[in-house]
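> The listed protein sequences correspond, in order, to chains Y and X. Heads up: the first sequence begins at 1 in UniProt numbering, then just goes up one per residue. Heads up: the second sequence begins at 1 in UniProt numbering, then just goes up one per residue.
2 protein chains.
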Amino acid sequence: MTGDTTDPQGTAALRPSSRVTLDDVARHAGVSSATASRALGDHPHVAEATRRRVREAAALLDYVASPEATRLAGGPTGRVAVLVPHPSRWFFGELIEGLEAELRAAELDLVLFRVGGPEERHAFFARLPARRGVDAVVVLAFAVDEVEHARLASLGVVVVAAGGRVASYPSVGIDDHRAGRQAVDHLLHLGHRRIGMLAGGDEQRLSPDPDGRASAWRAALRDAATEPDDDLVVTVPWDGEGGAEGMSRLLGLRAPPTAVFAHCDEMALGAMRTLRRAGLRVPEDISVIGIDDHPLAALTDLTTVAQPVREQGRRAGAMVLDTLRGGPPPRVPPAEMLPTRLVLRGTTSPPGVPR
Amino acid sequence: MTGDTTDPQGTAALRPSSRVTLDDVARHAGVSSATASRALGDHPHVAEATRRRVREAAALLDYVASPEATRLAGGPTGRVAVLVPHPSRWFFGELIEGLEAELRAAELDLVLFRVGGPEERHAFFARLPARRGVDAVVVLAFAVDEVEHARLASLGVVVVAAGGRVASYPSVGIDDHRAGRQAVDHLLHLGHRRIGMLAGGDEQRLSPDPDGRASAWRAALRDAATEPDDDLVVTVPWDGEGGAEGMSRLLGLRAPPTAVFAHCDEMALGAMRTLRRAGLRVPEDISVIGIDDHPLAALTDLTTVAQPVREQGRRAGAMVLDTLRGGPPPRVPPAEMLPTRLVLRGTTSPPGVPR
């Protein structure tokens, strides 16, 4: 079956599985090693019958793939680094899910680096562990300063950003300004004019476009012939406790808002806890809207603007693959923006009668 | 300063940074390469002054570490694979955070493999991409069947489980039975006897100890001289929608429970949405308790049993390092259990007056 004079008795199958090579599989299947590599690597240009024959040979011989044999994308290491501020947060986890699925299909490995706090980021960029053999780096939703930008450039690898625009890297994200407009315009349509905003703070530089959502609030109010009141804006961390604290401050105003626009759902949920504790009803007393469509938004009936996060991760992975496969670099790095949409649930309504 | 006759003019510093080697750094610092390696790798047995001198030399020469030079733990690859069912879920993200921190400190890289649905798991184990050069594999909270167990064994690498006991691997998790007792005993102490349970289903084999929390419900009721009523048990997926669906079924009973024990907080939050929509108040009409102390528990005032998830990830990483460093294998693989504790918030109270 192999027609191979170097192994006439087909003893390749008798070697311990750890010794079976791609060449053994190719011989057994009666194809070249290059063809066997493409067949196992899900390369598109392989006849279905050939692919099947090679896979059967691989299974029969208990062949275990090694990166050099089956990796589809170019690059000498078969690894892609992903730099993540907070792996435990839904947003980053979803980006990772999409990215991993895309890269896994091309048999690339994803190496995860957490760059959460300022010291970890500093240590990371100073010591460049990502240098240890990766073909590409994906930055998840944190701004990169000049020093870090230079460090990444010194790696000589492909860099792609997901979850927002970062420096001048090819990126995929959403139109933050548009998402903000969808949220605030909804409140304006309901009749609200005194609209508070819980703005995500920038200490961790988690917001590549810190002004997009905030400028949307301002522009939407002006388009509704309403002067934006900066007393109605509080800047807090991008999480539940930040939202809770921010809502508390807004309630302390002489004239509190009748509706609140939170830059993300977790902040909105924190705001709702503050309102609950203050004995205020949502939406009867105050309307609340967020951005994301976090899984907890559905569980809490939170009205929000949905963004496709996993898809951003996938698109980032696809950009990495395109570049590794040697596509011509675009003259202007692409900044893909995926669409967002308003999701009406139960936390917004027209302004109620003042108590 | 270098005293090195092979590079008397110190021209090492003039080479492009990508060419600077560990030997260059060692020479510049006036130490052996072995010492330089230990100094850069945070090895404990290096004098502080030496460590500083070597690091200054590395910074001056813009030396970029490579795995072979600075990796502290043994193993030829410097990489550890982590198998994750759902990276976007808080629980798995927290395990990853703890694991990554521990491994990063030892300069090991974490390679992430998502093994979410049955087909991905099957494909993963069938093709063993993890074979591509890792020294250890960490399994996050999913049961491994015999075929998969054999596959992992064929890798010849260290295997550790985090988030629960898995097969016979060294593991770190919590005492699920104890956590369940803490939850149900709390409800019994408040006076509840008709206690429903939202049990996490096992389709994705996400629960290595599917019976621990359920058996706790049964045992706690018996200890309170109450016969467990299986009509009060519904098995649903481990998420918010599962909890919502399960609560709906419990409300359909002729005699609904006065309190509900959900196997995890997300299920509890889903149950609370169902109750909210049914016009029922928590805790006045029905008490609800979960397990985890998920970040959303604090935002929704959910009473729960807290488990230290990030710490489980860290301990798993420490177990990996211990084994790679050549510690003698224990006769019985360790099954570490980290403590859990009741966190009282606002969703439980004594049974109310029946409507």
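We put the CB at the ideal spot given by N, CA and C, even for glycine.
Measuring only between beta-carbons, confirm whether PRO333 of chain Y sits less than 9 Å from chain X.
Here residue 333 of chain Y refers to the residue found at position 333 when the first sequence is read from its first residue. Output row for PRO333 of chain Y: interface = no.
> Give the interface partners of TRP90 of chain Y over in chain X, defined as CB-CB distance under 9 Å, in chain order.
By one-based count along the first sequence, residue 90 of chain Y stands at place 90. In chain order: SER88, ARG89, TRP90 and GLY93.
> Does the beta-carbon distance from LEU321 of chain Y to GLU102 of chain Y come in below 9 Å?
The residue given as residue 321 of chain Y occupies position 321 in the first sequence. The residue given as residue 102 of chain Y occupies position 102 in the first sequence. The answer is yes: Cβ separation under 9 Å.
> What does DSSP give as the partner residues of VAL84 of chain Y in its beta bridges?
For the purposes of this step, residue 84 of chain Y is taken as the residue at position 84 of the first sequence. For VAL84 of chain Y, which the question treats as bridged, DSSP gives the partners Y:ARG114.
> Output needed in chain order: residues of the segment 143-160 of chain Y with a Cβ under 8 Å from some Cβ in chain X.
Under the 8 Å Cβ criterion, the segment 143-160 of chain Y contributes SER154 and GLY156.
> Report all residues from its chain with a CB closer than 6 Å to the CB of PRO350 of chain X; omit the five preceding and five following residues, and keep chain order.
As a position in the second sequence, residue 350 of chain X is number 350, starting the count at 1. Hits under 6 Å: LEU190 and GLY191.
> Taking the C-alpha atoms as reference points, what is the distance between GLU146 of chain X and GLY30 of chain Y?
For the purposes of this step, residue 146 of chain X is taken as residue 146 along the second sequence, with counting starting at 1. For the purposes of this step, residue 30 of chain Y is taken as residue 30 along the first sequence, with counting starting at 1. Roughly 33 Å between the two C-alpha positions.
> Along the segment 287-304 of chain X, what residues have a CB closer than 8 Å to any CB found in chain Y?
So the close ones are PRO295, LEU296, ALA298, LEU299, THR300 and ASP301.
> According to DSSP, simplified to helix, strand and coil, what is LEU253 of chain Y?
As a working mapping, residue 253 of chain Y is identified with position 253 in the first sequence. Of the three classes helix, strand and coil, the one that applies to LEU253 of chain Y here is coil, per DSSP.
> How is PHE124 of chain X classed by DSSP in three states: helix, strand or coil?
The sequence position of residue 124 of chain X within the second sequence is 124, counting from 1. Here PHE124 of chain X sits in helix by DSSP.
> For chain X, is any of its Cβ atoms less than 9 Å away from the one on PHE125 of chain Y?
The residue labelled residue 125 of chain Y in the question sits at position 125 within the first sequence. No - not a single Cβ of chain X is within 9 Å of the one on PHE125 of chain Y.
> Can you grab the Cα-Cα spacing for the pair ALA199 of chain Y / VAL233 of chain Y, in whole Å?
Here the question's residue 199 of chain Y lines up with position 199 in the first sequence. Here the question's residue 233 of chain Y lines up with position 233 in the first sequence. Answer to the nearest angstrom: the Cα atoms are 7 Å apart.
> Would you mind telling me which residues of chain Y sit closer than 8 Å to GLY270 of chain X, beta carbon to beta carbon, in chain order?
Counting from one through the second sequence, the residue named residue 270 of chain X turns up at place 270. LEU299, listed in chain order.
> Just to make sure I have the definition right: I need the residues of chain X whose C-beta is within less than 9 Å of the C-beta of ARG51 of chain Y. Which are they?
Start at 1 with the first residue of the first sequence, and residue 51 of chain Y comes out as number 51. Within chain X, no residue comes near ARG51 of chain Y; the closest Cβ sits about 14 Å away, beyond 9 Å.
> Counting Cβ pairs closer than 8 Å, one from the segment 221-236 of chain X and one from the segment 155-168 of chain X, do we hit at least three?
Segments in contact, no.
> Give the DSSP bridge partners of ILE174 of chain Y, in chain order.
Here residue 174 of chain Y refers to the residue found at position 174 of the first sequence. ILE174 of chain Y pairs with Y:LEU338.
> Helix or strand or just coil, what does DSSP make of ARG79 of chain X?
Working through the second sequence from its first residue, we reach residue 79 of chain X at position 79. In this structure, ARG79 of chain X counts as strand in the three-state DSSP scheme.
> Measure the C-alpha to C-alpha separation of ARG53 of chain Y and PHE125 of chain X and round it to an integer number of angstroms.
The count along the first sequence starts at 1 and reaches residue 53 of chain Y at position 53. The count along the second sequence starts at 1 and reaches residue 125 of chain X at position 125. Near 20 Å, if we compare the C-alpha coordinates of PHE125 of chain X and ARG53 of chain Y.
> What are the boundary residues of the alpha helix (DSSP H) that includes ILE289 of chain Y?
Taking the first sequence and counting its residues from 1, one reaches residue 289 of chain Y at position 289. Here ILE289 of chain Y belongs to no alpha helix (DSSP H); instead the beta strand (DSSP E) covers 287-292.
> Please list, in chain order, all residues of the same chain as GLU241 of chain X whose beta carbon is under 7 Å from its beta carbon, the five residues on each side excluded.
Residue numbering aside, residue 241 of chain X sits at position 241 when the second sequence is read from its first letter. Cβ neighbours of GLU241 of chain X beyond the five flanking positions: GLY270.
> Look at the Cβ atom of ALA39 of chain X, then the Cβ atom of ARG27 of chain X, and state whether they are nearer than 9 Å.
Counting from 1 along the second sequence, the entry for residue 39 of chain X is found at position 39. Counting from 1 along the second sequence, the entry for residue 27 of chain X is found at position 27. Cβ distance not < 9 Å, so ALA39 of chain X and ARG27 of chain X don't count as in contact.
> Suppose you measure from the CA of ALA244 of chain X to the CA of ALA255 of chain X; what does that come to, to the nearest Å?
Numbered from its first residue, the second sequence carries residue 244 of chain X at position 244. Numbered from its first residue, the second sequence carries residue 255 of chain X at position 255. Rounded to the nearest angstrom, the two C-alpha atoms are 18 Å apart.
> Let me see if you follow: with CB-CB separation under 9 Å, is VAL111 of chain Y close to chain X or not?
The sequence position of residue 111 of chain Y within the first sequence is 111, counting from 1. Judged by the 9 Å Cβ criterion, VAL111 of chain Y is in contact with chain X.
> Below 8 Å on C-beta distance, what does ALA101 of chain Y contact in chain X?
In the first sequence, residue 101 of chain Y corresponds to position 101, counting from 1. Residues of chain X passing the Cβ test: ARG114.
> Is there a Cβ from chain X that is less than 9 Å from the Cβ of ALA244 of chain Y?
On the first sequence, residue 244 of chain Y is found 244 positions in, with the first residue counted as 1. Chain X contact via Cβ: present.
> Can you find a CB in chain Y that lies within less than 9 Å of the CB of GLY163 of chain X?
Start at 1 with the first residue of the second sequence, and residue 163 of chain X comes out as number 163. Closer than 9 Å: no.
> When the Cα atoms are used, what is the spatial distance from ALA161 of chain Y to PRO87 of chain Y?
Position 161 of the first sequence, counting from 1, holds the residue named residue 161 of chain Y. Position 87 of the first sequence, counting from 1, holds the residue named residue 87 of chain Y. Using only the alpha carbons, I get a separation of about 16 Å.
> So what does DSSP say about THR35 of chain X, is it helix, strand or coil?
Locating residue 35 of chain X in the second sequence gives position 35, where the first residue counts as 1. THR35 of chain X: helix per DSSP, three-state reduction.
> Per DSSP, which one or two residues make a beta bridge with MET197 of chain X?
Taking the first residue of the second sequence as 1, we reach residue 197 of chain X at position 197. DSSP output for MET197 of chain X lists X:VAL233 and X:PHE261 as bridge partner(s).
> Name the chain Y residues that come within less than 9 Å of ARG273 of chain X, Cβ to Cβ?
As a working note, residue 273 of chain X is residue 273 in the second sequence. By Cβ distance, chain Y contributes ALA298, LEU299, THR300 and ASP301.
> Nearest by alpha-carbon distance to ALA297 of chain Y: which of X:LEU108, X:ALA59 and X:ARG273 is it?
Along the first sequence, one-based indexing puts residue 297 of chain Y at 297. Comparing Cα positions, the closest option is X:ARG273.
> At a CB distance below 9 Å, what residues from the segment 221-249 of chain Y approach chain X? Give them in sequence order.
Within the segment 221-249 of chain Y, the residues whose Cβ lies closer than 9 Å to some Cβ of chain X are ASP239, GLY240, GLU241, GLY243 and ALA244, listed in chain order.
> What did DSSP end up calling VAL184 of chain X once you bin it into helix, strand or coil?
For the purposes of this step, residue 184 of chain X is taken as residue 184 along the second sequence, with counting starting at 1. Residue state, collapsed to three classes: helix.
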